[in-house]
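See structure below.
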Amino acid sequence: MNSPVYRVRHPLPPAHWPTREDAARARWFSPIRIGRQLTAAERTWVPAMVPWRATDDGFVTPEVLAWYARFAEGQPGVLVVEATGIRDVASGPLLRIGDDRFIPGLQTLVETVRERSRGRTRLFIQILDFVTVRRRPEPERFFGRYLEITDSLRAQLALWLDDRRWRDRSESDVREFLLGADRVTIETVLTDRELEALDYGYRERVWDVHLPHIRDLPRVLPGLFAEAARRAREAGFDGVELHYAHAYTMASFLSRLNARTDGYGGSREHRVRLPLEVLAAVRARVGDDYVVGTRYLGDEVIEDGSDLDDAIWFGVRFAAASVDYLSVSKGGRFEDAKQPKIGEAVYPYTGASGYECMPTVLSDARGPFGRNVPLAAAIRGAIRDAGLETPVVTSGGIATFDQAEGILERGEADCVAAARQTLADPDWFRKIRLGYGELVRRCEFTNYCEGLDQRHKQVTCKLWDRKFEPGDPAVRLANDGRRRLSAPPWSPPGEAGAGAPAG
Ligand SMILES: Cc1cc2nc3c(=O)[nH]c(=O)nc-3n(C[C@H](O)[C@H](O)[C@H](O)COP(=O)(O)O)c2cc1C
Ligand code: SF4
-8 MNSPVYRVRH PLPPAHWPTR EDAARARWFS PIRIGRQLTA AERTWVPAMV
42 PWRATDDGFV TPEVLAWYAR FAEGQPGVLV VEATGIRDVA SGPLLRIGDD
92 RFIPGLQTLV ETVRERSRGR TRLFIQILDF VTVRRRPEPE RFFGRYLEIT
142 DSLRAQLALW LDDRRWRDRS ESDVREFLLG ADRVTIETVL TDRELEALDY
192 GYRERVWDVH LPHIRDLPRV LPGLFAEAAR RAREAGFDGV ELHYAHAYTM
242 ASFLSRLNAR TDGYGGSREH RVRLPLEVLA AVRARVGDDY VVGTRYLGDE
292 VIEDGSDLDD AIWFGVRFAA ASVDYLSVSK GGRFEDAKQP KIGEAVYPYT
342 GASGYECMPT VLSDARGPFG RNVPLAAAIR GAIRDAGLET PVVTSGGIAT
392 FDQAEGILER GEADCVAAAR QTLADPDWFR KIRLGYGELV RRCEFTNYCE
442 GLDQRHKQVT CKLWDRKFEP GDPAVRLAND GRRRLSAPPW SPPGEAGAGA
492 PAG
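This is how it looks when you write it as structure tokens:
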């Protein structure tokens, strides 16, 4: 797949904002049932966004609470908490739900959102598993320590250097030689995966079944997801979202690249098997009345990866297996990511598939706005043709009322989500609903926030993070001391302030 060139700068789509009366009649602000018992007051939706604000042990912090409190004040129909790890292993400042000790913090998060949205927002939590990805190493460390010196590597050296003695040379001789070797030699004697580990950092695949912990994924994941979902329910969340999208474990099981030969890879039936088994285990643990949704890819957008045909087929199976909603994303894979700098990890939003996940105004002729809607529309159509009513959520470059309303009117999706526009203005749904659309602070879609995410820095928006008076005690600052962590508060004219947000 050739890397597309993004040279066309697109203006933001014109915005026409409805009056309060028109908004009250709008589809976007009409209720929707999700699952057997839950109703969301409106079809506005904030998809998961990792803000890098948890403790290094994965606990909820005051900064995490401030992040979700601020979104809750905009009163979206649904707010999805960031990708949260289901294992009890260290993973940096990402939220975790892999043990009962995480429940109290998550409970506080739930209470905060209930209070700040005045009970209007339904709160789900996205739960995920991922396999190991290491930082790109210094060549000295790679050749000095990480690279395994095997007989087959020695044989390659002997062949390439036309000198049989390399078959018996000591490990330290081989390491020393490789460290000083030219690039052609390195590329010739290392395997593709060893070369990748040198140039990009070591990265596991779900089809590395020679590794026992990878071979065992189908055995352990249903239980881990089910327990995480049980904790989510105990903490008071309205539902869980199984993260089957982007670069992570479950999306990789669904991928056409998944070459496992143990019944969990290869054909579509086998690739969807573990995701369905996880869904069944979660359902059995949390019961039929609890919302269990999934986020997955309408298209991987990588060479030889799964495409919309696969996604339609998977979507019908998920719906038939009683998933309560399907949130369709696109791309965000490791396979086409750019080479990271030494000491950094590969980031799955730097290649063409990453572009498709979070498109910017610098685009191709199609532009970034509503670019992923056709995927959701096709999946929804197939689900309806199968006689199923499962709601479908779309996202990607949606930033005006007219876009959202048009999508719903044309039956392309049932809920319309916005991540970056909601980061730019957490109040935007409420502003539109109350007839203050002209006050919406519009996202510029240039991905400053994504750059922060890439560097694992606390995520903020460039449109508001410098707007504060130094020393203002009401404003909580980022670790770098230069950015406010939450958008400035807003209340409708005439309404008493909703209470200064916690940051
Ligand atoms: C800072 C940031 C963090 C994100 N984290 C997640 C995540 O944890 N899980 C997920 O499924 N998507 C994540 N996304 C992707 C968004 O949910 C969304 O799909 C994407 O930004 C496209 O929607 P938009 O154009 O409305 O921003 C993230 C996006 C951003 C900007
Ligand atoms: S930083 Fe840029 S892309 Fe991100 S939310 Fe703000 S305006 Fe939008």
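Numbering follows the working numbering, with no gaps: position 181 of the sequence shown is 172.
Heads up, the beta-carbon is just placed ideally off N, CA and C, and yes, glycines get one too.
When every heavy atom of ligand 2 is checked, does at least one fall within less than 8 Å of the C-beta of residue i?
i      : result
Lys321 : no
Glu435 : yes
Arg411 : yes
Leu414 : yes
Leu454 : yes
Asn438 : yes
Of the residues the options, which one's Cα is nearest the Cα of residue i?
i      : options                           : result
Arg16  : Ile423, Arg457 and Asp444         : Ile423
His237 : Glu435, Asp298, Leu181 and Pro339 : Pro339
Tyr427 : Gly110, Leu3, Trp8 and Val(-4)    : Trp8
Phe459 : Arg475, Asp471 and Ala328         : Arg475
Ile205 : Ser246, Thr123, Leu215 and Arg156 : Thr123
Gly227 : Gly214, Asp164, Arg262 and Val72  : Val72
Asp164 : Arg61, Glu178 and Ala149          : Ala149
Gly387 : Gly334, Gly378, Cys434 and Phe244 : Cys434
Ala271 : Arg251, Ala242 and Phe309         : Phe309
Leu366 : Val384, Asp183 and Val352         : Val384
Phe325 : Arg125, Glu12 and Asp229          : Arg125
Trp198 : Phe168, His261, Gly358 and Glu486 : His261
Pro479 : Asp207, Phe121 and Arg457         : Arg457
Ser243 : Arg264, Gly358 and Val180         : Arg264
Glu187 : Pro331, Ser246 and Asn249         : Pro331
Glu225 : Val319, Gly278, Leu233 and His201 : Gly278
Ile140 : Val51, Glu178, Arg166 and Arg156  : Arg166
Gly323 : Ala311, Thr341 and Pro95          : Thr341
Trp481 : Gly462, Ala63 and Thr10           : Ala63
Pro417 : His201, Arg92, Thr112 and Arg44   : Thr112
When DSSP builds the beta bridges, which residues end up paired with residue i?
i      : result
Ile118 : Thr75 and Leu233
Thr30  : Arg24
Thr35  : Val407
Tyr316 : Gly284
Arg0   : Leu353
Arg158 : Arg158 pairs with nothing; no bridge assigned.
Val307 : In DSSP, Val307 forms no bridge with anything.
Leu70  : Val37 and Leu114
Thr385 : Val319 and Val407
Arg475 : Leu468
Val124 : Arg194
Arg87  : Gly76
Going by the C-beta, is residue i closer than 8 Å to any heavy atom of ligand 1?
i      : result
Asp154 : no
Glu441 : yes
Pro42  : yes
Arg432 : no
Cys406 : no
Val450 : yes
Pro38  : yes
Gly68  : no
Ile118 : no
Leu386 : Per the sequence presented here, residue 386 reads as Ser, with Leu not at that position. Ser386 Cβ: within cutoff of ligand 1.
His201 : no
Ile370 : no
Met241 : no
Ala302 : no
Ala74  : yes
Pro350 : yes
His237 : yes
Ile359 : Reading off the sequence shown, one finds Pro at residue 359, where the question assumed Ile. Pro359: yes, Cβ under 8 Å from ligand 1.
Ile77  : no
Arg286 : yes
Asp290 : no
Asp190 : no
Is it the case that the CB of residue i approaches a heavy atom of ligand 4 more closely than 8 Å?
i    : result
Pro4 : What this structure holds is ligand 1 and ligand 2, not ligand 4.
**Study point:** At least three beta-carbon pairs within less than 8 Å, the segment 55 to 73 to the segment 413 to 421
**Key:** yes
Check your understanding: Is the segment 278 to 292 touching the segment 306 to 315 in the sense that three or more CB pairs, one from each, lie closer than 8 Å?
Key -> yes
Check your understanding: Would you say the segment 22 to 35 touches the segment 339 to 355, given that touching needs at least three Cβ pairs under 8 Å?
Key -> no
Check your understanding: Does the segment 291 to 300 touch the segment 36 to 44, meaning 3 or more C-beta pairs lie closer than 8 Å?
Key -> no
Practice item. Say whether the segment 125 to 137 touches the segment 81 to 98, bearing in mind that this needs 3 or more beta-carbon pairs closer than 8 Å, one atom from each stretch. Key: no
Point to revise | Given 8 Å, three or more beta-carbon pairs between the segment 302 to 310 and the segment 367 to 377 | key: yes
Check your understanding: Counting Cβ pairs, one atom from each stretch, are 3 or more of them under 8 Å apart for the segment 252 to 264 and the segment -3 to 6?
Key -> no
**Study point:** Three CB pairs or more closer than 8 Å across the segment 17 to 25 and the segment 426 to 445
**Key:** no
Review point. Taking one C-beta from the segment 74 to 85 and one from the segment 99 to 113 each time, how about it: are there three or more such pairs within less than 8 Å?
Key: no
Check your understanding: Does the count of Cβ pairs from the segment 465 to 475 and the segment 445 to 456 closer than 8 Å reach three?
Key -> yes
Practice item. Evaluate contact between the segment 49 to 58 and the segment 94 to 106, counting only Cβ atoms and requiring at least three cross-stretch pairs below 8 Å. Key: yes
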